[in-house]
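Working notes, beginning with the structure itself.
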Amino acid sequence: MILTEVYGNIQDIPDLASWHVETAMVKSDDLLKAILRVTSDHGRDYGIRLEDESQKLENGSAFMLGRGKLLVLSVIPDEVIVITPSDMDEMGKTAHMLGNLHKPVQIRDGRITLLMDPVVLKTLKENGTGFTVEKVQLEKPMQYANLTPGAHTHTHHTPGAHTHAHHAEEH
4 MILTEVYGNI QDIPDLASWH VETAMVKSDD LLKAILRVTS DHGRDYGIRL EDESQKLENG
64 SAFMLGRGKL LVLSVIPDEV IVITPSDMDE MGKTAHMLGN LHKPVQIRDG RITLLMDPVV
124 LKTLKENGTG FTVEKVQLEK PMQYANLTPG AHTHTHHTPG AHTHAHHAEE H
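Numbers given in the working numbering equal positions in the sequence shown, counted from 1, plus 3.
Here it is as structure tokens:
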């Protein structure tokens, strides 16, 4: 069965006890895929291909399987680094470092969260930046900076070269 529309999020569905719910475990980065194949806890295979591009998959996305039946996506907990910069200067330096490493992140409440990465851990330790390593169930996938196509390019043409090119209207 191909599922093409998110019915809602499990958190927003009233009277959940009246539904027959199947659960499919997915990785957080699966939520970014245009086409996804999942197997439910009932052993049934489903394909997911959203027709409405404004809909996004997230932890708890529910799909109607039929009368009184739902398939719910549950994100497998990820090991993440949660960075807690001590001030704005440290936040800026940390954000710059993560941007140069091309790491997708979530930023909320003065904390930067990203998937486990040994290079980032080593750099944070060397810089004395506060962080913890946690296992969390991400509600939404990590995101790269949302840049307007063509507005910013970033190239690594020659070994050791690290250049940024910006359109004149940005400056």
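Note that the Cβ used here is the ideal one computed from N, Cα and C, for glycine as well.
- With contacts defined by Cβ atoms closer than 8 Å, Leu74 and Ser31 do not form a contacting pair.
- Around the CB of Ile86, 16 or more other CB atoms lie within 10 Å, so the residue is classed as buried.
- Inter-residue distance for Met145 and Val83 is about 11 Å (C-alpha atoms, whole angstroms).
- If you look at Thr7, you'll find it isn't in any alpha helix (DSSP H); DSSP assigns it neither H nor E.
- A distance below 7 Å between beta-carbons, with the five flanking residues on each side excluded, links Pro80 to the following residues of its chain, in chain order: Lys138, Val139 and Gln140.
- Assignment of Ala37 by DSSP, reduced to helix, strand and coil, places it in the coil class.
- The C-alpha of Leu124 is placed about 15 Å away from the C-alpha of Asn103.
- According to the DSSP secondary-structure assignment, Asp48 is paired through a beta bridge with Thr42.
- For His23, the uninterrupted beta strand (DSSP E) run begins and ends at His23 to Val29, by DSSP.
- Between Leu117 and Leu101, the C-beta gap is smaller than 8 Å, which places the two residues in contact.
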